[in-house]
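Residue numbering for the sequence shown follows our numbering, starting at 24 and increasing by one per position.
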Amino acid sequence: VNYPHPSLRGINSDVTVEEINDGSIMDIAKSMLELMYEAEGIGLAAPQVGINKRLMVYNETGLPVAKDHEVILINPKIVKFSKKTENEEEMCLSIPEYFCDIDRSIWI
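So, in structure tokens, the structure goes:
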């Protein structure tokens, strides 16, 4: 979905144990990976596809053939991060053609 879609500012609920056990969250994650690759992205959060769940997929290479680099984050929490940052140009798949410089911790 594109900005200003309401799901981008919505409250995200935790993924439940039931959603993990019945495989439904994995089905969503696989679909999200496919969409991410189609859009030539490297990461995608569930609200960006209209699902207000704490779920994100990521592949630092952005290459669909690099399956060993795929990461699925379920109910992620940042518990520690570096104070040192790096600045890089980034874009958001929900705001097409908009690029900006972002400071990010060098590790989380």
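All residues carry an ideal CB built from backbone N, CA and C; glycine is no exception.
Closest to Ile95 by C-alpha separation, out of Ser54, Phe104, Glu111, would be which residue? Ser54
Based on the DSSP secondary-structure assignment, which residues constitute the bridge partners of Asn82? Glu93
Reducing DSSP to helix, strand and coil, say where Asp124 ends up. strand
Exposed or buried, what is Pro119 when buried is set at 16 or more other beta-carbons lying within 10 Å of its beta-carbon? exposed
Between Lys107 and the ligand MN, is there a pair consisting of the residue's CB and a ligand heavy atom that are separated by less than 7 Å? What this structure holds is no ligand at all, so the ligand MN is not there to describe.
Span separating the alpha-carbon of Arg32 from that of Leu67: 15 Å
Presumed contact (8 Å Cβ cut-off) between Ser36 and Gln71, rounded CB distance: Contact doesn't hold; Cβ gap of about 16 Å is too wide.
In this structure, does DSSP put Pro29 in helix, strand or coil? helix
Lys15 in three-state terms, based on DSSP: This structure cannot settle anything about residue 15, because the visible part of the chain is limited to 24 through 131.
Taking just the CA atoms, how far does Leu86 sit from His92? 9 Å
Going by the DSSP bridge assignment, what does Leu58 pair with across the sheet? DSSP, once it has assigned bridges, lists no residue as partnering Leu58.
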